[in-house]
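Below you'll find the structure, written out as structure tokens, and then a few comments.
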Amino acid sequence: MFLLPGLLLYVGLFVFPTLTGLFYSFTDWDGVSPSYAFVGLDNYKDSLSSIVFRKAFGNNVEFMLTVVIAQTFISLVLALLLVRNTKTKVVLRALYFLPAILSSVSVGLIWAFMYDPSIGLINYGLNEAGMGSIARNWIGDPKIAIFSIAAVQVWAHAGQMMIVFIAGLQGIPVELYEAARMDGGSKWQVFRTVTWPLLAPSATIVVAYTTIQSFKAFDLIFTMTDGGPNYATEILTTYIYHTAFGSYSFGLASAGSMIFLVLLALLTLLQFKALRADRVSY
Numbered sequence: 359m360f361l362l363p364g365l366l367l368y369v370g371l372f373v374f375p376t377l378t379g380l381f382y383s384f385t386d387w388d389g390v391s392p393s394y395a396f397v398g399l400d401n402y403k404d405s406l407s408s409i410v411f412r413k414a415f416g417n418n419v420e421f422m423l424t425v426v427i428a429q430t431f432i433s434l435v436l437a438l439l440l441v442r443n444t445k446t447k448v449v450l451r452a453l454y455f456l457p458a459i460l461s462s463v464s465v466g467l468i469w470a471f472m473y474d475p476s477i478g479l480i481n482y483g484l485n486e487a488g489m490g491s492i493a494r495n496w497i498g499d500p501k502i503a504i505f506s507i508a509a510v511q512v513w514a515h516a517g518q519m520m521i522v523f524i525a526g527l528q529g530i531p532v533e534l535y536e537a538a539r540m541d542g543g544s545k546w547q548v549f550r551t552v553t554w555p556l557l558a559p560s561a562t563i564v565v566a567y568t569t570i571q572s573f574k575a576f577d578l579i580f581t582m583t584d585g586g587p588n589y590a591t592e593i594l595t596t597y598i599y600h601t602a603f604g605s606y607s608f609g610l611a612s613a614g615s616m617i618f619l620v621l622l623a624l625l626t627l628l629q630f631k632a633l634r635a636d637r638v639s640y
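Dropping the structure here:
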């Protein structure tokens, strides 16, 4: 009985919408008309053969790899710096974590202004510092737009992932560090042979969370660029949104959603397997 409310919420908010989306993915429903026709697997074929869908998937992978690598590295460095018993560590941890409590829409609006080529603070600062030659239209240039948004994603969530690494670091027994130093190990050798292997489960959690969040980064991209310019920042979630509410092809959008769901499920499964494999005992 205690599980019944949660089970009902799960069925109502996940199972039922998923099954409904699966049903409509085999139809040509436009989201408005009461009538529709079954089209079989045509929506799936059209999605997988669509140039925009492939572009969105490629952008998603590029965005994900950039964010995962940068965010994991930065959050690990911050954790290593702030795990020590310094007087300012509490304040610094709070400051680094602060962006994580902001909504993605707020973050997107703030950074869209920061990136503005005319009145944005980034180009203004570069010009004032005599580096105007590297000023860019950061989210208006198709070559760098996806990386500019990836930088914002890292800024917003690196502090959150830093907490995960700090928790992992604090769980490593001090005796292991003392034994490694007594054996004459340098700081790099201690990190490579003691810290990193025992931090692998935390790293797996960070990579798993960051990967899934990168694939679901709809609100940030929608707020900053809406998938533009020229589909340079279009990802699978914005593609699904534009297909459903821009073209009113809800059947096609549902097929895209099912493909997206399968990709997320596979990623989650792989990450959980990696997490089990990385368990370390000492």
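Sequential numbering of the sequence shown, starting at 359, is according to the numbering used here. C-beta atoms are modelled at their ideal positions from N, C-alpha and C, and glycine is treated no differently.
- Rounded to whole angstroms, Pro363 and Thr376 show a C-alpha spacing of 19 Å.
- Annotation for Ser462: the continuous alpha helix (DSSP H) segment containing it runs Ser462 to Met472.
- For Pro375, the enclosing alpha helix (DSSP H) has its first and last residue at Phe374 to Tyr382.
- The beta carbon of Met519 lies closer than 8 Å to those of Gln429, Thr430, Ser433, Val564, Tyr567 and Thr568 in the same chain, with the five residues before and after it left out.
- Around the C-beta of Trp387, 16 or more other C-beta atoms lie within 10 Å, and the residue is accordingly described as buried.
- Per DSSP, Asp577 is one residue of the alpha helix (DSSP H) stretching across Phe576 to Met582.
- Nearest C-alpha to Ala558 among Ile530, Thr583 and Met472: Ile530.
- Proximity of the stretch 393-401 to the stretch 533-550 falls short of the contact definition, fewer than three beta-carbon pairs being nearer than 8 Å.
- Residue state for Thr596 is assigned as helix, using DSSP reduced to three classes.
- Judged by their CB atoms, Val552 and Leu534 are nearer to each other than the 9 Å cut-off.
- Beta-bridge partners assigned by DSSP to Phe396: Thr385.
- Three or more Cβ pairs closer than 8 Å define a contact, and the stretch 607-624 meets that threshold against the stretch 396-415.
- Apart from sequence neighbours up to five positions away, the residues of its chain that approach Gly526 with a beta-carbon distance below 6 Å are Leu557 and Ser560, ordered along the chain.
- The continuous stretches of alpha helix (DSSP H) do not include Val390, and DSSP gives it neither H nor E.
- Distance check between Ala452 and each of Glu592, Val390 and Ile524 places Ile524 closest, using alpha-carbon atoms only.
- Taking the Cβ atoms as the reference, Leu450 lies roughly 18 Å from Leu460, outside the contact range of under 8 Å.
- Of the residues Gly586, Ile570, Leu423 and Thr591, the one whose Cα lies closest to the Cα of Leu625 is Ile570.
- Separation of Phe415 and Ile492 (C-alpha to C-alpha, rounded to the nearest whole angstrom) is 29 Å.
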